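Student: Quick one: this structure, given as structure tokens, is what I'll be asking you about.
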Amino acid sequence: MDTPLITVDLLLHVLHRTLFHPFIACLIPLCYRAIGAPTNSLPFRATAAYAAFIALCWVISALNQHLAFGPPRSVDWEHELVVITGGAAGLGRVLAQTFGMRGANVAILDIKSPPKGEGEEEGWEDVKFYECDVSDPAAVERARDKIISDGYTLLRAPLNYVTTSLHTNLHASFHTLRAFLPSLLSSPVGGHIITISSVLAKLGASHLSEYTAAKAGLLALHNSLRAELTSATAPPGAENIRMILVTPGQLDGTDMFSNVRPPRPFWGPKVSVVELAAEIVRMVDAGRGGEISMPVYARWIECLGILPASVQSGIRRWSGVDRAMEEAIDESKM
């Protein structure tokens, strides 16, 4: 089994909902008081200080979220249009179905058609497929015109989301943004731009130079566009746009890297595409921007850059990421 029943992600998730939650932390000193512990006793003081520290961490986190990504925007799913590039399979397919189940109008741009009979499943009633080579800017422009001509006018449903579920190449993201960003800026209710990158954009991997270069380009594109939209010279409407960067580890349930076995499944388990899609939709539903990194190690991988090169090399060898890729390539050649 690639993913063990207990992982560091699961343990931290449980702690985040229990001992690291302000409500639970505050209950501990209250319990001491309930059994008669005086306020100057060591157990009460220690637990009260712990509760205050946890509460402070949550306040700082909320304040950082507000200052970094702005206040949430109001989301009405019936008046939202989600455009997903590469949505015929993998994470893009799950996102399309999930957004569809929320009641949004979804347009999939992909050169590959979705499986037959897919439209009969729940969540696909408001999903439309447009055959389009997203690496061709002219094709993206034609798809945009077709979407609008099909009834998704700016008066009915502003182009509020450009979901760049990019499984092709970096150019597709440029073309999609260039085609839809003007309408997004002119929308009175704003919208979200979601960039699907990868933890490998920060880490790199053996035998994946082209893939990691494209994902690193997406990471740079996202950060540059975010800086442009939040600058003092940003165009009108930029203040209503929220941006979400997604940097997942190895995805479970997709064909990509399906033959790669996680070398350290406890520390780096596979990421369920359904859980990742749910997290993305949850952030959009809340009207927030930010970064989604799963599993836990993906959030801290950038900290490796501050370590000495020898330590980085040692951690990399221990992780086994390069060895796993090399073994997968050797198996594919057999």
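Residue numbers (my numbering): 874 to 1207.
Just so you know, even glycine gets a beta-carbon here, dropped at the ideal spot from N, CA and C.
Small disclaimer: the values here were computed from a predicted structure and weren't measured.
1. Less than 8 Å between C-beta atoms, sequence neighbours within five positions excluded: which residues of the same chain meet that for Glu1112?
2. Per DSSP, which one or two residues make a beta bridge with Leu1118?
3. Within the segment 937–1007, note down every full alpha helix (DSSP H) run reaching 4 residues or more, in order along the chain.
4. Which term fits Glu998, buried or exposed, when burial requires 16 or more other beta carbons within 10 angstroms of its beta carbon?
5. Please identify the residue among Tyr1003, Ala969, Thr971 and Gln970 whose C-alpha is closest to the C-alpha of Lys985.
6. Which residue from Phe972, Ala1086, Thr880 and Gly909 puts its Cα closest to that of Asp1158?
7. To the nearest whole angstrom, what separates the beta carbons of Val1146 and Leu1124, a pair I think is in contact under 8 Å?
8. Return the bridge partner residues of Asp1125 from the DSSP annotation.
9. Which of helix, strand or coil does DSSP assign to Ala921?
10. On the three-pair Cβ rule with 8 Å, is the segment 926–936 touching the segment 1047–1064?
11. If you pair each beta-carbon of the segment 943–953 with each one of the segment 907–920, do three or more pairs fall below 8 Å?
12. Residues in the same chain with beta-carbon distance under 6 Å from Arg975, minus the five sequence neighbours each way, listed in chain order, please.
13. Let me know the secondary structure DSSP gives Phe893 once reduced to three states.
14. Where does the unbroken alpha helix (DSSP H) through Gly1193 begin, and where does it stop?
15. Candidates Ile957, Ala924, Ile1188 and Phe896: which alpha carbon is nearest Ile1066's?
16. Do the segment 881–899 and the segment 1163–1173 touch if we need at least three Cβ pairs shorter than 8 Å?
Tutor: In this structure, then:
1. Counting from 1 along the sequence shown, the entry for residue 1112 is found at position 239. Only Gly943 and Gly1063 meet the Cβ criterion.
2. Within the sequence shown, residue 1118 is the residue found at index 245, counting from 1. DSSP output for Leu1118 lists Thr1068 and Glu1164 as bridge partner(s).
3. Those alpha helix (DSSP H) runs which fall completely within the segment 937–1007 and span 4+ residues are 963–974.
4. Residue numbering aside, residue 998 sits at position 125 when the sequence shown is read from its first letter. Exposed, since its Cβ has fewer than 16 Cβ neighbours within 10 Å.
5. Indexing the sequence shown from 1 puts residue 985 at position 112. Minimum Cα distance to Lys985 is reached at Tyr1003.
6. Walking along the sequence shown from the start, residue 1158 turns up at place 285. Of the listed residues, the one whose Cα sits closest to Asp1158 is Phe972.
7. Numbered from its first residue, the sequence shown carries residue 1146 at position 273. Numbered from its first residue, the sequence shown carries residue 1124 at position 251. With a Cβ gap of about 5 Å, Val1146 and Leu1124 count as contacting.
8. Counting from one through the sequence shown, the residue named residue 1125 turns up at place 252. BP columns for Asp1125 point to Ser1145.
9. Counting from 1 along the sequence shown, the entry for residue 921 is found at position 48. It is helical.
10. no
11. no
12. Walking along the sequence shown from the start, residue 975 turns up at place 102. Within the same chain, Arg975 has close Cβ partners Trp950.
13. Residue 893 sits at position 20 when you count from the first residue of the sequence shown. Coil at Phe893, not helix or strand.
14. Translated into positions along the sequence shown, residue 1193 becomes position 320. First-last for Gly1193: undefined, no H or E at that position.
15. The count along the sequence shown starts at 1 and reaches residue 1066 at position 193. For Ile1066, the nearest C-alpha among the options comes from Ile957.
16. Yes, the segment 881–899 is in contact with the segment 1163–1173.
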